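Colleague: If you read the sequence shown in the UniProt record's numbering, its first letter stands for residue 1, the second for the next number, and so on. For glycine and all other residues, C-beta sits at the position ideal for the given N, C-alpha and C. As the structure is a prediction and not an experimental result, all values here were calculated from the model.
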Amino acid sequence: MARRSQVGSRDAFDAAAADFAALGRHLWEPIGADVVELVDPRPGERVLDACCGTGASAIPTARRVDVEGHVDAVDISGPMVAELRERVSGLPQLHAHEADVTAWEGTGYDLVQSVLGIFFFPDVAAGARRLNGAARPGGRVAFTIWRRGAVEPAGRQLTLSVAEVTGVEPPGERPRGPVDAINQPTTFAPWLSGLGLSDVDVVTHERRLTMTPEVAWLLVLGSGYRGALDELTPDQIARVRDCYLARLDETGLTHLDTTTLTGLGTTP
Ligand SMILES: C[S@@+](CC[C@H](N)C(=O)[O-])C[C@H]1O[C@@H](n2cnc3c(N)ncnc32)[C@H](O)[C@@H]1O
Numbered sequence: 001m002a003r004r005s006q007v008g009s010r011d012a013f014d015a016a017a018a019d020f021a022a023l024g025r026h027l028w029e030p031i032g033a034d035v036v037e038l039v040d041p042r043p044g045e046r047v048l049d050a051c052c053g054t055g056a057s058a059i060p061t062a063r064r065v066d067v068e069g070h071v072d073a074v075d076i077s078g079p080m081v082a083e084l085r086e087r088v089s090g091l092p093q094l095h096a097h098e099a100d101v102t103a104w105e106g107t108g109y110d111l112v113q114s115v116l117g118i119f120f121f122p123d124v125a126a127g128a129r130r131l132n133g134a135a136r137p138g139g140r141v142a143f144t145i146w147r148r149g150a151v152e153p154a155g156r157q158l159t160l161s162v163a164e165v166t167g168v169e170p171p172g173e174r175p176r177g178p179v180d181a182i183n184q185p186t187t188f189a190p191w192l193s194g195l196g197l198s199d200v201d202v203v204t205h206e207r208r209l210t211m212t213p214e215v216a217w218l219l220v221l222g223s224g225y226r227g228a229l230d231e232l233t234p235d236q237i238a239r240v241r242d243c244y245l246a247r248l249d250e251t252g253l254t255h256l257d258t259t260t261l262t263g264l265g266t267t268p
């Protein structure tokens, strides 16, 4: 997502909640389904789904652990949690909580997972360590992040469009941040081992999002990218939309790389 969102724009996610759910069909849900298939939650397990959003991984996880299991789905955004609560009738094993998961006190989980969440933590390693500590000894931990370069071309065109519409100097390429040190399989695996996990494996899910105009704009409205529109008037937002879609067209961005890396490990 946009760098702005990666440093934790909670307001952006609050505003995005309804569109986030609409984008889910195209983006979040297929990613969540792949992760759940990989981590294989079993009937009766206790799971912490950190940064759950509207439930792309928490809901299929709850189905797998079944009524004898328990899923704590935690998100810092109240509107995200409200959307999730509306979607979970018939899953009494799924418990949605509005909270900062880096301060979550639950422990002893069989599985701790966070899909596209940890890079929002102000201190990514400290937050990830905290999540590891929530798993029971011998429990499974899974963190999913974007692979280097994924999603960014759309963010760049959005940034340039906002600059054009607001008349500011277009910013340069985004500066490298902490996540750039870990967003390739060769760097993610040792980082996870360094957090104290064993049996570490990193699985790459290659995927591409078809950027119809509807989906391309939903990607802005239904993700942390929405924060880029925060200060704009409705008229400016409409112009940003037109400019962004025209730029995607001109640059031939018909398919966006949305490849993810899921790192799995076991706690000591
Ligand atoms: C890109 S979304 C991913 C949501 C979901 N896991 C999915 O795959 O659809 C990132 C989510 O992380 C949440 N988030 C960011 N920082 C958080 C924190 N410290 N504690 C809990 N949730 C957080 C945001 O509110 C947002 O819903």
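#1: Helix, strand or coil: how does DSSP classify residue 98 here?
#2: Any heavy atom of ligand 1 closer than 6 Å to the beta-carbon of residue 59?
#3: What residue from 52, 133, 180, 123 has the CA that sits closest to residue 94's CA?
#4: I'd like the span of the alpha helix (DSSP H) that includes residue 244, first residue to last.
#5: Looking at ligand 1, does it come within less than 6 Å of residue 146, judged from the CB to the closest heavy atom?
#6: Among 210, 251, 37, which residue has its Cα nearest to the Cα of residue 62?
#7: Within 10 Å of its beta-carbon, does residue 78 have 16 or more other beta-carbons around it, so buried, or fewer, so exposed?
#8: Pull the bridge partners of residue 145 from the DSSP assignment, please.
#9: Might you give, ordered along the chain, the residues of its own chain that have their beta carbon closer than 7 Å to the beta carbon of residue 127, omitting 5 neighbours on each side?
#10: Within 10 angstroms of the Cβ of residue 144, are there 16 or more other Cβ atoms? Answer buried if so, exposed if not.
#11: Can you tell me whether residue 72 is buried or exposed, with buried defined as 16 or more other CB within 10 angstroms of its CB?
#12: Would residue 54 and residue 33 be called neighbours here (beta carbons separated by less than 7 Å)?
#13: From the DSSP output, in three-state form, read off residue 219 for me.
#14: Quick check: does the Cβ of residue 88 come within less than 6 Å of any heavy atom belonging to ligand 1?
#15: Is it the case that the Cβ atoms of residue 80 and residue 17 are separated by a distance below 7 Å?
#16: How about residue 84 and residue 96: do their beta carbons lie closer than 7 Å?
#17: Between residue 169 and residue 243, is the Cβ-Cβ spacing less than 7 Å?
#18: By Cβ distance below 6 Å, which residues in the same chain neighbour residue 59 in space, the five residues on each side in sequence not counted?
#19: I believe residue 189 touches residue 263 by the beta-carbon criterion, under 8 Å. Please report the beta-carbon distance rounded to the nearest angstrom.
#20: What do you reckon, is the C-beta of residue 28 under 6 Å from a heavy atom of ligand 1?
#21: Do you know whose CA, among 235, 162, 238, 223, lies nearest residue 26's CA?
#22: Return no unless some Cβ of chain C is closer than 7 Å to the Cβ of residue 25.
#23: Is DSSP giving residue 72 helix, strand or coil here?
#24: Short check: CB of residue 267 to CB of residue 132, under 7 Å?
#25: Sort out for me which residues DSSP pairs residue 225 with in a bridge.
#26: Would you check whether ligand 1 has a heavy atom nearer than 6 Å to the C-beta of residue 270?
#27: Under a three-way DSSP split, which group does residue 213 fall into?
Modeller: Result, derived from the coordinates:
#1: For this step, residue 98 is matched to residue 98 along the sequence shown. Here residue 98 sits in strand by DSSP.
#2: Counted from its first residue, the sequence shown places residue 59 at position 59. Residue 59 Cβ: outside cutoff for every heavy atom of ligand 1.
#3: Here the question's residue 94 lines up with position 94 in the sequence shown. Sorting 52, 133, 180, 123 by C-alpha distance to the C-alpha of residue 94 places 52 at the top.
#4: Taking the sequence shown and counting its residues from 1, the one referred to as residue 244 is at position 244. From DSSP, the alpha helix (DSSP H) with residue 244 extends over 234-250.
#5: The count along the sequence shown starts at 1 and reaches residue 146 at position 146. Outside the cutoff, so no.
#6: As a working note, residue 62 is residue 62 in the sequence shown. With distances taken between Cα atoms, residue 62 lies closest to 37.
#7: Counting from one through the sequence shown, the residue named residue 78 turns up at place 78. Exposed.
#8: The residue given as residue 145 occupies position 145 in the sequence shown. Partner(s): 261.
#9: By 1-based counting over the sequence shown, the position of residue 127 is 127. These residues qualify, in order along the chain: 102, 118, 121.
#10: Stepping through the sequence shown from its first residue, residue 144 is reached at position 144. With 16 or more Cβ atoms within 10 Å of its Cβ, residue 144 is classed as buried.
#11: Here residue 72 corresponds to residue number 72 of the sequence shown, with the count starting at 1. Burial call: buried.
#12: As a first step, residue 54 must be located in the sequence shown, where it is residue number 54. As a first step, residue 33 must be located in the sequence shown, where it is residue number 33. For residue 54 and residue 33, no; Cβs fall outside 7 Å.
#13: Along the sequence shown, one-based indexing puts residue 219 at 219. Helix.
#14: Counting from 1 along the sequence shown, the entry for residue 88 is found at position 88. Because no heavy atom of ligand 1 lies under 6 Å away, the Cβ of residue 88 does not count as near it: no.
#15: Walking along the sequence shown from the start, residue 80 turns up at place 80. Walking along the sequence shown from the start, residue 17 turns up at place 17. Yes, they are a contact pair.
#16: For the purposes of this step, residue 84 is taken as the residue at position 84 of the sequence shown. For the purposes of this step, residue 96 is taken as the residue at position 96 of the sequence shown. It is a contact, given that the beta carbons lie within the stated cut-off.
#17: Taking the first residue of the sequence shown as position 1, residue 169 is located at position 169. Taking the first residue of the sequence shown as position 1, residue 243 is located at position 243. Residue 243 is positioned such that its CB atom lies no closer than 7 Å to that of residue 169.
#18: In the sequence shown, counting from the first residue as 1, residue 59 sits at position 59. Contacts found: none.
#19: For this step, residue 189 is matched to residue 189 along the sequence shown. For this step, residue 263 is matched to residue 263 along the sequence shown. 7 Å between Cβ atoms; contact.
#20: As a position in the sequence shown, residue 28 is number 28, starting the count at 1. Yes.
#21: Mapped onto the sequence shown, residue 26 falls at position 26. Minimum Cα distance to residue 26 is reached at 223.
#22: Annotation note: the requested chain C is absent from the structure, which comprises a single protein chain.
#23: Counted from its first residue, the sequence shown places residue 72 at position 72. In the structure shown, residue 72 falls within a strand segment according to DSSP collapsed to helix, strand and coil.
#24: One-based indexing of the sequence shown puts residue 267 at position 267. One-based indexing of the sequence shown puts residue 132 at position 132. Contact: yes.
#25: Counted from its first residue, the sequence shown places residue 225 at position 225. In the DSSP secondary-structure assignment, residue 225 is not bridged to any residue.
#26: Residue numbering for the chain in the displayed model covers 1 to 268; residue 270 lies beyond these limits and cannot be assessed.
#27: Along the sequence shown, read from residue 1 onward, the residue named residue 213 stands at position 213. Helix, per DSSP.
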